[in-house]
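Asker: Quick one: this structure, given as structure tokens, is what I'll be asking you about.
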Amino acid sequence: MNPADDASADELIIVARAVRTRGLKGELVAELLTDFPERFEKVNTLVGVSPDGQRKELELEDYWFQNDRVILKFKSYDSIESANTLVGFEVGLPDSERVELAAGEFYEWQLSGCSVENTLGQTIGTVREVMRTGGVELLVVDDGGQHEYLIPMAGDIVLSVDIPGKKILIDPPEGLLEL
Numbered sequence: 000m001n002p003a004d005d006a007s008a009d010e011l012i013i014v015a016r017a018v019r020t021r022g023l024k025g026e027l028v029a030e031l032l033t034d035f036p037e038r039f040e041k042v043n044t045l046v047g048v049s050p051d052g053q054r055k056e057l058e059l060e061d062y063w064f065q066n067d068r069v070i071l072k073f074k075s076y077d078s079i080e081s082a083n084t085l086v087g088f089e090v091g092l093p094d095s096e097r098v099e100l101a102a103g104e105f106y107e108w109q110l111s112g113c114s115v116e117n118t119l120g121q122t123i124g125t126v127r128e129v130m131r132t133g134g135v136e137l138l139v140v141d142d143g144g145q146h147e148y149l150i151p152m153a154g155d156i157v158l159s160v161d162i163p164g165k166k167i168l169i170d171p172p173e174g175l176l177e178l
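To convert, note that position 64 of the sequence shown is 63 in numbering that gives the first Met the number 0; the numbers rise steadily by one, no gaps.
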């Protein structure tokens, strides 16, 4: 089975983005885009996605971590010139290979696009993104252009998250939606 073909039928989980070459042997410095860097231990093949959306299968020859980045070495990319053709590529795995999360945990991409409603049944807006603040993550909720709300992902505010139904139920404290 070819992961690049598999990925065309399946969404990808992007795990890294190649930012520059390193050394003379075709190595790439990549920004880590996964909370599970240990997954590289079990990966032989990744799907590379070029900036224009083209996909290609990349066989992982070696990897190691350096500070907060990962160094990737792909088979058949053995020079600076060949590795340079992959700079800007995102690399990922088919969604079917994503790490299963514990109950009550969600991937940011799963929350994006969810409708946010309060306990009175009023629609607040749609989650545009999740903002990391170093503390409690914030849902950035857009009501269609008039307002942007920042809603903390605290248990006493976010009451339920229905990923299949793309719906989040909140009980905002008084004044939160007026900010």
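The beta-carbon is built from N, C-alpha and C at its ideal position, and this holds for glycine as well.
So, Gly124 versus Val140, is the Cβ gap smaller than 8 Å?
Answerer: yes
Asker: Please check the pair Asp25 and Ser78, which I expect to be a contact at CB under 8 Å, by giving their CB distance rounded to whole angstroms.
Answerer: Note that residue 25 is Gly in the sequence shown, not Asp. Going by Cβ atoms, the distance from Gly25 to Ser78 rounds to 5 Å, so yes, they are a contact pair.
Asker: By Cβ distance below 6 Å, which residues in the same chain neighbour Leu57 in space, the five residues on each side in sequence not counted?
Answerer: Leu45, Gly47, Phe73
Asker: Just tell me which of Leu137, Glu89, Leu11 has its CA closest to the CA of Leu31.
Answerer: Glu89
Asker: Taking Asp67 as the reference, give the member of Lys41, Val18, Asp94 with the closest Cα.
Answerer: Val18
Asker: By the 10 Å Cβ neighbour count, where 16 or more other Cβ atoms means buried, how is Phe219 classified, buried or exposed?
Answerer: Summary: the structure shown does not reach residue 219, with the chain confined to residues 0 through 178, and so no result is reported for it.
Asker: Should Ser111 be counted as a contact of the ligand MG given a C-beta to heavy atom distance under 7 Å?
Answerer: No copy of the ligand MG appears in this structure; indeed no ligand is present at all.
Asker: Tell me which residues share the same chain as Asp94 and place their Cβ nearer than 8 Å to its Cβ, disregarding the 5 neighbours each side in the sequence.
Answerer: Asp9, Glu10, Leu11, Ile12
Asker: Do Leu137 and Pro151 have their C-beta atoms within less than 8 Å of each other?
Answerer: yes
Asker: Measure the C-alpha to C-alpha separation of Val42 and Leu59 and round it to an integer number of angstroms.
Answerer: 7 Å
Asker: Check for me: the beta strand (DSSP E) holding Gln121 runs from which residue to which?
Answerer: Premise fails: Gln121 is in no beta strand (DSSP E) and is neither H nor E.
Asker: To the nearest angstrom, how far is it from the Cα of Leu158 to the Cα of Thr122?
Answerer: Taking the CA atoms as reference points, Leu158 sits about 15 Å from Thr122.
Asker: Should Val126 and Val115 be called a contact, given that it needs their Cβ atoms to be closer than 8 Å?
Answerer: yes
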